[in-house]
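First comes the structure, then the notes that go with it.
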Amino acid sequence: MKVYDDMKIWMASGSQHLYGEQALAEVRSHTKEIADHLCGSNLIPSDVEYKGILTTPAEITDFCVKASADKSCGGVILWMHTFSPSKMWINGLSVMTKPMLHLHTQYNRDIPWNDIDMDFMNLNQSAHGGREHGYIHSRMKIERKVVVGYWKDEAVHRRIDAWVRAAAAVKDLRGGRIARFGDNMRDVAVTEGDKVAAQIAFGYDVYGYGIAELVEKVEKVTEEQIDGLIDEYETAYAVDPALLAGGARHDSLREAARLEAGIEDFLREGDFIAFTTTFEDLTGLKQLPGLACQRLMEKGWGFGAEGDWKTAALVRALKVMGRGMSGGTSFMEDYTYHLDPESPLVLGAHMLEVCPTIAGSSAVKLEIHPLGIGGKDDPVRMVFKTPAGPALNASLMDMGSRFRLLVNEVETVDAGHDLPKLPVAGALWAPKPDLATAAEAWILSGGAHHTAYSKDVTTEMLLDYVEICGIEVVVIDEATTIRGLSNELKWNDLYYTMKAFSGG
0 MKVYDDMKIW
10 MASGSQHLYG
20 EQALAEVRSH
30 TKEIADHLCG
40 SNLIPSDVEY
50 KGILTTPAEI
60 TDFCVKASAD
70 KSCGGVILWM
80 HTFSPSKMWI
90 NGLSVMTKPM
100 LHLHTQYNRD
110 IPWNDIDMDF
120 MNLNQSAHGG
130 REHGYIHSRM
140 KIERKVVVGY
150 WKDEAVHRRI
160 DAWVRAAAAV
170 KDLRGGRIAR
180 FGDNMRDVAV
190 TEGDKVAAQI
200 AFGYDVYGYG
210 IAELVEKVEK
220 VTEEQIDGLI
230 DEYETAYAVD
240 PALLAGGARH
250 DSLREAARLE
260 AGIEDFLREG
270 DFIAFTTTFE
280 DLTGLKQLPG
290 LACQRLMEKG
300 WGFGAEGDWK
310 TAALVRALKV
320 MGRGMSGGTS
330 FMEDYTYHLD
340 PESPLVLGAH
350 MLEVCPTIAG
360 SSAVKLEIHP
370 LGIGGKDDPV
380 RMVFKTPAGP
390 ALNASLMDMG
400 SRFRLLVNEV
410 ETVDAGHDLP
420 KLPVAGALWA
430 PKPDLATAAE
440 AWILSGGAHH
450 TAYSKDVTTE
460 MLLDYVEICG
470 IEVVVIDEAT
480 TIRGLSNELK
490 WNDLYYTMKA
500 FSGG
């Protein structure tokens with residue numbers, strides 16, 4: 000996952016020649032100092048590059064054209080150090096295609112009460128210069144993030160961090176390729192969708208492959224590749240003795256490794272960022288690829304079961320956003336409820352395909368058990384519990400006129416119980432604001448049964464992501480009420496209907 004290594008955030012400030020060359024020299028110096036400080040922040044995962052100050056319509060347009068054309072530019076931070084008349088920005092902003100963040104700050108933190116004079120006031124005009132800049136963005140209906148605060152404050156860095164991570168996910172998906180092995184699970188609606196509309200909205204392309212093409216790649220896997228993966232398994236996980244060399248089920252582990260190597264070879268050769276499988280199309284495979292999907296998610300690929308390419312792309316996006324963090328992201332599904340009125344909970348799992356990045360310090364075991372679906376040999380899988388802590392579930396749906404991202408903040412908990420007859424990986428959580436409200440809100444919103452579950456990604460990151468992509472978002476959190484959410488859905492529907500009618 001090289002997206003952060005290959006991405007730069009450009010920073011420039013707006014001004015004008017009204018204030019004289021001495022003032023502009025200070026604007027340049029201050030802007031570079033702030034850009035360098037942000038670049039050195041441990042909280043911001045991408046380099047921030049100083050790109051000068053913009054004082055004329057020609058300079059602004061040139062900057063916007065170059066930023067839009069530069070493949071390494073993941074987004075731009077704009078700061079109005081002084082007053083930059085917004086009519087100068089119209090032509091440039093009209094061609095800008097990269098995400099924008101308006102940093103509303105000022106070089107000095109405090110007012111120098113005893114020394115402040117008109118020279119100081121002329122130079123330090125962010126308070127109203129930023130308002131002029133904000134007007135033209137709003138007038139042109141340009142989506143952007145606004146961050147307000149002193150540029151050295153950690154809170155400011157954290158908000159910039161959320162936007163940078165969202166911008167990285169957008170950059171990664173634009174031009175990304177998703178491999179779909181087999182088709183959609185039969186008769187399921189929510190995992191279907193308009194791939195052309197998705198490519199317009201998000202930039203990724205979905206490629207379909209018959210399972211025979213994957214089988215051909217799996218059959219070419221060498222014994223040396225399998226041996227190497229077995230060594231990795233024995234080092235990283237607690238492997239059931241029956242699966243070890245000499246054990247009664249060792250051949251099953253080798254077959255699981257063969258599947259992993261074959262799928263990975265296919266994905267790497269095709270430069271894919273995500274993939275899907277379906278248990279209804281396994282001809283030529285000996286096992287459902289459970290362990291393979293878990294391992295490939297652990298390595299950074301997005302995944303969706305049952306042909307769910309939208310969730311595969313979403314899992315990848317959240318993995319990009321959470322890179323370098325420790326909580327993890329996984330494909331997930333709300334599976335069953337614990338309806339104790341004192342402690343209502345949701346058990347999240349899937350047949351096999353849950354990513355071990357969410358296991359934290361919990362023990363991850365490699366086991367083999369029967370699977371009463373798919374009609375294949377018993378599959379190998381990782382088994383673990385997800386530790387307690389805050390998390391979220393996100394789901395992407397095609398609503399016909401637009402895409403909707405649905406987010407539910409949750410609190411992962413430790414049940415205090417083992418599941419001896421359910422040998423799968425999973426997580427147990429209490430949805431916010433409570434299970435009844437969250438489930439009703441999810442269903443009213445048309446939420447899918449597949450989600451991307453993350454202990455890394457925050458709601459703010461996802462809000463930044465949807466703003467950049469221009470799609471709808473609905474958040475279910477501590478403040479959610481059914482009356483409020485029902486009204487929000489109606490307002491959203493009216494807004495997006497009018498937007499589509501107007502060609503926006």
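Quick note, the sequence shown lines up with residues 0 to 503 if you use numbering that gives the first Met the number 0. Glycine is no exception: its CB is placed at the ideal position from the N, C-alpha and C atoms.
Are F271 and F302 touching if we call contact CB-CB under 8 Å? Position 272 of the sequence shown, counting from 1, holds the residue named residue 271. Position 303 of the sequence shown, counting from 1, holds the residue named residue 302. Cβ atoms of F271 and F302: not closer than 8 Å.
Below 8 Å, how does it come out for the stretch 325-343 and the stretch 211-227: are there three or more Cβ pairs, yes or no? no
Kindly give me the distance between the Cβ atoms of V406 and A387, rounded to whole angstroms, as I take these residues to be in contact under 8 Å. As a position in the sequence shown, residue 406 is number 407, starting the count at 1. As a position in the sequence shown, residue 387 is number 388, starting the count at 1. In fact, because the Cβ distance is near 20 Å, the residues do not count as touching under 8 Å.
G480 (DSSP reduced to helix, strand or coil): What you label residue 480 is simply residue 481 of the sequence shown in a count that begins at 1. It should be noted that the sequence gives Thr, not Gly, for residue 480. In this structure, T480 counts as coil in the three-state DSSP scheme.
Over what stretch of residues does the alpha helix (DSSP H) that includes H29 continue unbroken? Walking along the sequence shown from the start, residue 29 turns up at place 30. E20 to C38 is the extent of the alpha helix (DSSP H) around H29.
Considering only DSSP beta bridges, list what V379 is partnered with. Against the sequence shown, residue 379 aligns to sequence position 380. Answer by DSSP bridge pairing, in chain order: I367.
Round the Cβ separation of E471 and F402 to the nearest angstrom and send it over; I've been treating them as touching at under 8 Å. Along the sequence shown, one-based indexing puts residue 471 at 472. Along the sequence shown, one-based indexing puts residue 402 at 403. Between F402 and E471 the Cβ distance is about 7 Å, and since that is below 8 Å, they are a contact.
Name the DSSP beta bridge partners of S342, please? As a first step, residue 342 must be located in the sequence shown, where it is residue number 343. Its beta-bridge partners do not exist; DSSP assigns none.
Name the one or two DSSP bridge partners that T328 has. Taking the first residue of the sequence shown as position 1, residue 328 is located at position 329. Bridge partners of T328: S453.
Could you check the C-alpha separation between V238 and Q293 for me, to the nearest Å? By one-based count along the sequence shown, residue 238 stands at place 239. By one-based count along the sequence shown, residue 293 stands at place 294. When rounded, the separation of the alpha-carbon atoms in V238 and Q293 is 15 Å.
If you scan the stretch 241-302 from start to end, which runs of the alpha helix (DSSP H) of 4 or more residues do you find wholly inside it? 249-268 and 289-297
Among G245, E58 and D377, the one whose alpha carbon lies nearest that of L287: Position 288 of the sequence shown, counted from the first residue, corresponds to residue 287. Checked all of G245, E58 and D377; the closest Cα to L287 is D377.
Give the straight-line distance between the Cα atoms of V474 and E408, rounded to the nearest whole angstrom. On the sequence shown, residue 474 is found 475 positions in, with the first residue counted as 1. On the sequence shown, residue 408 is found 409 positions in, with the first residue counted as 1. Distance between the alpha carbons of V474 and E408: 8 Å.
Within this structure, are the beta carbons of I177 and A304 separated by less than 8 Å? Taking the first residue of the sequence shown as 1, we reach residue 177 at position 178. Taking the first residue of the sequence shown as 1, we reach residue 304 at position 305. No, the pair does not count as a contact, with Cβ atoms beyond the cut-off.
On the three-state DSSP scale, how would you describe S12? Sequence index remark: in the sequence shown, residue 12 carries index 13 (1-based). The answer is strand: DSSP assigns S12 an E or B state.
Under 8 Å between the Cβ atoms of P98 and V169? One-based indexing of the sequence shown puts residue 98 at position 99. One-based indexing of the sequence shown puts residue 169 at position 170. It is a contact, given that the beta carbons lie within the stated cut-off.
Any idea if E20 is buried or exposed, counting beta-carbon neighbours within 10 angstroms, 16 or more meaning buried? In the sequence shown, the residue the question calls residue 20 occupies position 21. Answer is exposed; the Cβ neighbour count stays below 16.
Neighbourhood of G148 by C-beta distance below 7 Å, restricted to the same chain and skipping five residues each side: Within the sequence shown, numbered from 1, the residue matching residue 148 stands at position 149. Cβ neighbours of G148 beyond the five flanking positions: T104, A154 and V155.
Under a three-way DSSP split, which group does E142 fall into? Sequence index remark: in the sequence shown, residue 142 carries index 143 (1-based). Residue state, collapsed to three classes: coil.
Going by beta-carbon coordinates alone, are S453 and L317 separated by less than 8 Å? Locating residue 453 in the sequence shown gives position 454, counting from the first residue. Locating residue 317 in the sequence shown gives position 318, counting from the first residue. Yes.
Quick one, which of F274, L461, L258 and A348 has its alpha-carbon nearest L418's? Here residue 418 corresponds to residue number 419 of the sequence shown, with the count starting at 1. Out of F274, L461, L258 and A348, A348 has the C-alpha closest to the C-alpha of L418.
Contacts around W78, its chain only, beta-carbon distance under 6 Å, and the 5 residues preceding and following it disregarded: The residue given as residue 78 occupies position 79 in the sequence shown. Contacts found: S12 and L102.
Considering Y3, what are the terminal residues of the alpha helix (DSSP H) in which it resides? For the purposes of this step, residue 3 is taken as the residue at position 4 of the sequence shown. Looking at the DSSP string, Y3 is not in any alpha helix (DSSP H), and its letter there is neither H nor E.
Pop quiz: A255 and L290 are said to be a contact at Cβ under 8 Å. What is the actual Cβ separation, rounded to whole angstroms? What you label residue 255 is simply residue 256 of the sequence shown in a count that begins at 1. What you label residue 290 is simply residue 291 of the sequence shown in a count that begins at 1. That pair is a contact at about 4 Å.
Please determine, among G359, S28 and D46, the residue with the shortest C-alpha to C-alpha distance to D4. Taking the first residue of the sequence shown as 1, we reach residue 4 at position 5. Checking every option, the nearest Cα to that of D4 belongs to D46.
Spatial neighbours of A260 in its chain, beta-carbon cut-off 7 Å, leaving aside the 5 residues before and after: Your numbering for residue 260 matches position 261 in the sequence shown. Cβ neighbours of A260 beyond the five flanking positions: V220, Q224, I225 and L228.
Checking the sheet assignment: what are the DSSP bridge partners for P430? Residue 430 sits at position 431 when you count from the first residue of the sequence shown. Looking at the DSSP assignment, P430 forms a beta bridge with V409.
At which residues does the alpha helix (DSSP H) containing R164 begin and terminate? Working through the sequence shown from its first residue, we reach residue 164 at position 165. Looking at the DSSP string, the run of the alpha helix (DSSP H) that includes R164 is E153 to L172.
Please report the distance separating the alpha-carbon of A68 from that of H136. Translated into the one-based positions of the sequence shown, residue 68 becomes position 69. Translated into the one-based positions of the sequence shown, residue 136 becomes position 137. Taking the straight line joining both Cα atoms gives about 21 Å.
So, with DSSP's three-state summary, where would you put V220? As a position in the sequence shown, residue 220 is number 221, starting the count at 1. The answer is coil: DSSP assigns V220 none of H, G, I, E or B.
Outcome for A446 when other beta-carbon atoms lying within 10 angstroms are tallied against a minimum of 16: Here residue 446 is taken as the residue at index 447 of the sequence shown, counted from 1. The identity of residue 446 in the sequence shown is Gly, whereas the question assumes Ala. Burial call: buried.
DSSP three-state assignment for M497, whether helix, strand or coil: Residue 497 sits at position 498 when you count from the first residue of the sequence shown. DSSP places M497 in helix when its eight states are reduced to three.
With DSSP collapsed to three states, give me the class of T310. In the sequence shown, the residue the question calls residue 310 occupies position 311. It is helical.
Which residues in the same chain as L53 place their Cβ atom closer than 6 Å to its Cβ, once the five residues preceding and following it in sequence are excluded? Here residue 53 refers to the residue found at position 54 of the sequence shown. These residues qualify, in order along the chain: A11, G13, I59 and F62.
Backbone secondary structure at M184 - three-state DSSP: Numbered from its first residue, the sequence shown carries residue 184 at position 185. M184: coil per DSSP, three-state reduction.
Helix, strand or coil at I76 according to DSSP, with G and I counted as helix: One-based indexing of the sequence shown puts residue 76 at position 77. Residue state, collapsed to three classes: strand.
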